[in-house]
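Read through the structure below, which is laid out as structure tokens, and then see the notes.
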Amino acid sequence: MNQYIATFHTHLAALTTARALGAEGIPAKMMPVPRRLSSSCGTCVRYEAGEACLPAMDADVERVYEIGAEDRYVLLMENK
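Read left to right, the sequence shown gives residues 2 to 81 (our numbering).
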């Protein structure tokens, strides 16, 4: 399983995505965005899954990162 962080433009988008992932049986939790990453709303969703689950993201997703070794963030998707 891989670990991911998704950042959002709005708090509501983070909440909607966390619920959508949970409905698919993917453990997800909302948390403050790590300092090395930026977000418009300051809230992100951290989750663990076999793949990035991009279709489950709310339309207001900002970025999705895979968390690599030594807490390195690999950008997978950016929505400007």
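Virtual Cβ for every residue (Gly too), placed ideally from N, Cα, C.
Residue i and residue j closer than 9 Å at C-beta
i	j	result
Ala83	Tyr74	Coverage of the chain is limited to positions 2 through 81, which leaves residue 83 absent and any answer about it impossible.
Cys45	Met58	no
Tyr5	Leu38	no
Strand pairing of residue i, partner residues [DSSP]
i	result
Glu67	Tyr5 and Val75
Met32	Cys45
Ala50	Asn3
From the options, residue whose alpha carbon lies closest to that of residue i
i	options	result
Val62	Pro28, Gly26, Leu76 and Asn3	Leu76
Gly115	Leu13, Gln4, Gly69 and Glu79	The chain is shown only over 2 to 81; residue 115 falls outside these bounds and no answer can be derived.
Met78	Arg64, Val34 and Ala53	Arg64
Lys81	Asn3, Phe9 and Met2	Phe9
Glu56	Pro28, Ala21 and Ala70	The question names Glu, yet the displayed sequence has Pro at residue 56. The candidate whose alpha carbon is nearest that of Pro56 is Ala21.
Environment of residue i [buried if 16+ CB atoms lie within 10 Å]
i	result
Arg36	exposed
Ala19	buried
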